[in-house]
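Since the structure comes first, as structure tokens, the remarks are kept for the end.
There are 2 protein chains.
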Amino acid sequence: MYLEKLKEAQKKNNSWVCIGLDPQPDKLPIQATHLWDEPVLPFNKAIIDATADIACAFKPNLGFYLQWGAAGIIALERTVQYIPKHIPIIIDCKAGDIGHTQMAWAKGLFDQWGADAFVINPYVGRDAIEPIIKQWPDKGVYVLGRTSNPSAPDFQGDMDNPDDLSRKVITKVNDLRQPDHGAVGLVIGATWPEEMQMAREEAPHAPFLIPGIGAQGGSLETSVKYGADSVAGPLISSSRGIIYAGNGYDFADKARAAAIELRDKINALR
Amino acid sequence: MYLEKLKEAQKKNNSWVCIGLDPQPDKLPIQATHLWDEPVLPFNKAIIDATADIACAFKPNLGFYLQWGAAGIIALERTVQYIPKHIPIIIDCKAGDIGHTQMAWAKGLFDQWGADAFVINPYVGRDAIEPIIKQWPDKGVYVLGRTSNPSAPDFQGDMDNPDDLSRKVITKVNDLRQPDHGAVGLVIGATWPEEMQMAREEAPHAPFLIPGIGAQGGSLETSVKYGADSVAGPLISSSRGIIYAGNGYDFADKARAAAIELRDKINALR
């Protein structure tokens, strides 16, 4: 079961840190970009080697790989294979399609790629969620609830109205939870502390994937206070703050130091 | 400009038919699956050869390629290269990320892959749309407005309330339209005729991408009546109904016949 695997990984490394593996051409350290003609895979391997005993999960974001063309996806496939088997892999693709198309996403990510969980965009309704958690009871999904970005309220609304989109999604995710189904969690941005508290109240058992700390300025205190579910701790996600902590030959050491620092900050609040 | 390119392609082939290139392992015709060890690219090439003078656009859906692993994405990259340059390519990926991540999607799909347009999921708000249409004035995006699936009302609501999600998105898309920006259109399912009429009234100039005819039972009459924008006709999309019209050695001929039939049905209503 996905949440048990996550719980074990969190326990083993005493960590709630989820590291986003997001290769950006303009940010890769000089060592990766100048010395290797295909920098994505060796960069990721160096980050994984340096942080596999610090992170509780790795989260590659599909968009950053597609931007390299098919070569990026080959690097992603090999990155997923390289991650130690006991560490959960969450593919951040925000897949939100319907019917047999959404099932193709799930078949690909779970059965072909070997992901443990992936991120779902719920715009199309429960059709994007329910068939997947029924068919893959050992896996997990994280549904966008409250995104961390400034324009989140455009369509997601705010906390005041139960008809607001974020609240409807959070309620629906809570309703979809079944003991014999896959885990269904929520993405809740750390930049919206009140919404996070509400989300935890509305969905007391939902696993949380929490972006928005670090560069986006979200609250670590709130993330720790409301992040844990009934089985495991949250995934508190950091990408740039860790993987681009350095841009010289010591980038992997810098990444390790940044991951340790974040892990310790979180643990001091637990 | 994207809409001018689409208009020319529609005029050249006298067609509003957009063909979805969605390779499904269990549906590929025997000729493709038994004779070719990597069936996706040769299947797509045969469909493109048979329909390039009938379709006004091709629309590969990313999920169907990812399910084959990196090999599927290589086939997608080569498929995109194979499509004649005068025919618009829309990548149906329903990308809905934020900030630099959404920009990575756009950079990849436009600059690396050579797509003319792609589909955006607006859950995160205008952050997923506005920076892209500003940066790529020659390209287009289609924003999910009203999806064609049964659970669309779960979060999208219905027509009665101006606060309903679909209406808010349609209004926002209309507001985002600028003459010096990229084209910003809407995905409006043919299975929701009233919503399509409303969408056209709210966004009189927005290009429409219309799924849901064929297997899903959407209305072709409504799609033709409300589909056209101020520059071009709509993309009336069909995937399974065309590419899997046959499953024997004559699959490409059957696909061609199905594409001609749909084109002629649409043209009879224009």
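Protein chains in written order, with the working numbering: chain S, 23 to 292; chain Y, 23 to 292. The beta-carbon is built from N, C-alpha and C at its ideal position, and this holds for glycine as well. Note that this is a predicted model, so its numbers are computed, not measured.
| Asked | Found |
| --- | --- |
| When Cβ atoms are compared, which residues of the stretch 56-89 of chain S fall closer than 7 angstroms to chain Y? | 83, 85, 86, 88 and 89 |
| Is the CB of residue 145 of chain Y under 9 angstroms away from at least one CB in chain S? | yes |
| For residue 142 of chain Y, count neighbouring Cβ atoms within 10 angstroms of its own Cβ and tell me buried if that reaches 16, exposed if not. | buried |
| For residue 60 of chain S, count neighbouring Cβ atoms within 10 angstroms of its own Cβ and tell me buried if that reaches 16, exposed if not. | exposed |
| Got a sec? Which residues, its chain only, sit under 8 angstroms from residue 90 of chain Y by beta carbon, not counting five neighbours each side? | 45, 47, 62 and 97 |
| If you measure between the beta carbons of residue 265 of chain Y and residue 198 of chain Y, is that distance less than 9 angstroms? | no |
| Would you give the residue range spanned by the alpha helix (DSSP H) that residue 189 of chain Y belongs to? | 187-198 |
| Provide the residue span of the beta strand (DSSP E) that contains residue 260 of chain S, from first to last. | 257-260 |
| Using a beta-carbon distance cut-off of less than 9 angstroms, what residues from the stretch 106-136 of chain Y approach chain S? | 114, 115, 116, 117, 118, 119, 120, 121, 122, 123, 124, 125, 126, 127, 128, 129, 130, 131, 133, 134 and 135 |
| In chain Y, which residues lie with their C-beta within 7 angstroms of the C-beta of residue 99 of chain S? | 91 and 92 |
| Can you tell me which residues form a DSSP beta bridge with residue 82 of chain S? | S:43 |
| Bridge partners for residue 207 of chain Y per DSSP, in chain order? | Y:164 |
| Is residue 169 of chain S close to chain Y, meaning its C-beta is less than 9 angstroms from at least one C-beta of that chain? | yes |
| My output table needs one value for residue 50 of chain Y: the three-state DSSP class, helix, strand or coil. | coil |
| Given this structure, state the Cα-to-Cα distance separating residue 134 of chain Y from residue 157 of chain Y, to the nearest angstrom. | 15 angstroms |
| Rank Y:176, Y:175, Y:125 and Y:191 by C-alpha distance to the C-alpha of residue 167 of chain Y and give the top, closest one. | Y:191 |
| From residue 127 of chain S to residue 88 of chain Y, what distance separates their C-alpha atoms? | 7 angstroms |
| Going by DSSP, which residues form a beta bridge with residue 230 of chain Y? | Y:208 |
| Is residue 185 of chain Y close to chain S? Criterion is C-beta to C-beta, closer than 9 angstroms. | yes |
| Below 8 angstroms on the Cβ atoms is my guess for residue 260 of chain Y versus residue 41 of chain Y; work out the distance and round it to an integer in Å. | 7 angstroms |
| Closest to residue 290 of chain S by C-alpha separation, out of S:28, S:27, S:31 and S:37, would be which residue? | S:37 |
| Note the first and the last residue of the continuous beta strand (DSSP E) segment covering residue 117 of chain S. | 112-117 |
| Can you have a look at residue 116 of chain Y and say buried or exposed, based on whether 16 or more other CB atoms are within 10 angstroms of its CB? | buried |
| Taking 7 angstroms as the limit between beta carbons, can you name the residues of its chain near residue 196 of chain S, skipping five residues before and five after? | 224, 225 and 228 |
| Starting from residue 157 of chain Y, find everything on chain B with Cβ-Cβ shorter than 9 angstroms and list it in chain order. | Absent here is chain B; the protein component of the structure consists of chains S and Y. |
| Quick check: is the beta carbon of residue 191 of chain S nearer than 9 angstroms to any beta carbon in chain Y? | yes |
| In three-state terms, what does DSSP make of residue 102 of chain Y? | helix |
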